[in-house]
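Take 5 as the starting number for the sequence shown in my numbering and just add one per residue. All C-beta atoms in this analysis are idealised placements derived from N, C-alpha and C, irrespective of residue type, glycine included. Since this is a predicted model, take the numbers as computed values, not measurements.
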Amino acid sequence: MTDMQTVFRVVDEMTPEELHQLQLYIRERRGVRWWVVPAENLQKIDELMRPVQEQASQMSEEEVNRVIDEALAEVRRERRSVKK
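If you want it as structure tokens, here you go:
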């Protein structure tokens, strides 16, 4: 575990340029991580999802909400059974 007092002491001793570099580093660490997916994989995902998208486009908002609610309930049941 890092001794935070040591970290604070080192930060206090940094030059303005070093502080700027540290700030950039922290922003990068806290930032969004992007996943790069090759184009051929995106095409395959699109092919796999197209029937689902077409089916969903025929559903009413109530039907979509019901399916989502059922899926959430199933996930919650699975999580409860794992915790036991």
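Out of the options, point me to the one whose CA is closest to residue i's CA.
| i | options | result |
| --- | --- | --- |
| VAL71 | SER85, GLU17, VAL56, PRO42 | VAL56 |
Going by DSSP in three states, residue i sits in which element: helix, strand or coil?
| i | result |
| --- | --- |
| PRO42 | coil |
If contacts are defined as beta-carbon pairs under 8 angstroms, then residue i and residue j qualify, I think. What distance do you get, rounded to the angstrom?
| i | j | result |
| --- | --- | --- |
| LEU26 | MET18 | 7 angstroms |
| ALA60 | VAL68 | 7 angstroms |
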